[in-house]
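Reading through the structure tokens given below for one structure.
Residue numbers (this note's numbering): 1470 to 1651.
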């Protein structure tokens, strides 16, 4: 009774339509490997249990279970709308924030949970610093996706790790918001 993660579809679509995405080729290779639209493939045991007690992915016989509730087309339309906000936020994000996160992602001693924590701190700090006049969840969602793009633009080899971390972060922090949105 699970489904493909809408967070995964949303992040992929956001990155795909972002104006200055410098890693489209790698992004498409993620999809061709079957990663991009099977968010559960990125299942990380350390972040398996969400803060609300739900699991971030559903498996049956080791395969992700796809449910009818994710309307991929609707998610793509929402992603396209969010990129407009993302472009505005993009200009406000200082290089230092991005470079710090790049260093965390490069540090293989940090667990998935620790990196999600660092990402969460960065997103919350930016959400406080950038007045947006919108719902906090929406601002945090867009900031997380813009940070993903900026980190991978800086260091394309981090795509898989950053993509999966962001999907897990969004699943943990903003899942209910996304379900309401789609």
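Glycine included, every Cβ here is placed at the ideal spot set by N, Cα and C.
Only a predicted model underlies this, so the values are computations on that prediction, with no experimental measurement involved.
The DSSP-derived three-state label of residue 1568 is helix. Taking a contact to require three or more Cβ pairs closer than 8 Å, the segment 1632 to 1641 and the segment 1573 to 1589 qualify as touching. Under a 10 Å Cβ-count criterion, residue 1618 is classified as buried, with 16 or more other Cβ atoms of the shown protein chains found around its own Cβ.
Here the C-alpha atom of residue 1575 lies approximately 8 Å from the C-alpha atom of residue 1627. Within the segment 1573 to 1638, complete alpha helix (DSSP H) segments of at least 4 residues are found at 1581 to 1598 and 1605 to 1623, given in chain order. Scanning its chain for C-beta atoms nearer than 8 Å, with the 5 sequence neighbours on each side dropped, one finds around residue 1488 the residues 1552 and 1556, in chain order. Taking C-beta separations shorter than 7 Å and ignoring five residues to either side along the sequence, the partners of residue 1599 in its chain run 1558 and 1561, following chain order. In the three-state reduction of the DSSP assignment, residue 1645 falls in the helix class.
Burial state of residue 1548 is buried, judged by a 10 Å Cβ sphere holding 16 or more other Cβ atoms.
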